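Only one structure is covered here, and it is reproduced in the block below.
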Amino acid sequence: MASEAREGWRDVSGTAAVEFAILTPVFILMLTGMLAYGVYFGAAHSIQQLAADAARVSVAGLDASERNLLVDAYLKASAGDYLLIVPAQLTYSIGDKPGDPSQYLVTLRYNASRLPIWDLYPPLPLPSTTITFTSTIRRGGL
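Going by the working numbering, the sequence shown opens with residue 5, and the numbers climb by one from there.
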């Protein structure tokens, strides 16, 4: 009888099911984390590119008011063209850099609370709901 009990410990027929039950929640957490952060990084990259493009547009302006007008028009016209960006969720500040008027500054803030990642998996640690990027470029014109 003791030898039969010892041989029962050597039976491995249910091992895969036990491993699956233990590792599946971890695997799902990793997959949802990759999905959530991929979407977030995509939106962050779009905001970064939009800020850089807006700063490049400012080079065409001859004075501060023309630069601001060009950048404002560009942001309003092009914000919706970037992946995962809803223009209504975007706020920005534009103008010469304080303390250094030879630099032009574009700061974008995006409310990312409407991205489809926040209720994806509750135990998942997620980043801030506000994405902020600043781009600086040397002033153009004469």
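Virtual Cβ for every residue (Gly too), placed ideally from N, Cα, C.
Being a predicted model, the structure only gives us computed values, none of them experimental.
DSSP beta-bridge partners of residue i
{"i": "Q107", "result": "R142"}
{"i": "Y86", "result": "Y86 is not bridged to any residue."}
{"i": "L112", "result": "Y96, F137"}
{"i": "K101", "result": "D104"}
Beta carbon of residue i nearer than 8 Å to that of residue j
{"i": "A58", "j": "V110", "result": "yes"}
{"i": "R113", "j": "T136", "result": "yes"}
{"i": "R143", "j": "Y108", "result": "yes"}
Straight-line gap, residue i to residue j (C-alpha atoms, nearest Å)
{"i": "D100", "j": "T28", "result": "53 Å"}
{"i": "T19", "j": "P131", "result": "37 Å"}
{"i": "A83", "j": "V22", "result": "50 Å"}
{"i": "V61", "j": "F31", "result": "45 Å"}
{"i": "A55", "j": "T138", "result": "6 Å"}
{"i": "H49", "j": "F24", "result": "36 Å"}
{"i": "T95", "j": "Y125", "result": "28 Å"}
{"i": "M38", "j": "S17", "result": "33 Å"}
{"i": "E70", "j": "D123", "result": "43 Å"}
{"i": "L79", "j": "Q53", "result": "12 Å"}
{"i": "I141", "j": "D104", "result": "11 Å"}
{"i": "T134", "j": "I51", "result": "11 Å"}
Inter-residue CB distance, residue i and residue j (contact presumed, cutoff 8 Å)
{"i": "L66", "j": "L128", "result": "Between L128 and L66 the Cβ distance is about 49 Å, and since that is not below 8 Å, they are no contact."}
{"i": "P120", "j": "V43", "result": "7 Å"}
{"i": "A116", "j": "A47", "result": "6 Å"}
{"i": "I98", "j": "N72", "result": "6 Å"}
Proximity test, residue i beta-carbon vs the ligand NAP heavy atom, cut-off 7 Å
{"i": "D85", "result": "Among the components modelled here there is no ligand, and therefore nothing to report on the ligand NAP."}
CB contact check: residue i to chain B, cutoff 8 Å
{"i": "A40", "result": "Absent here is chain B; the protein component of the structure consists of one chain."}
Give the list of continuous alpha helix (DSSP H) stretches no shorter than 4 residues that lie fully inside the segment 48-89. 68-82
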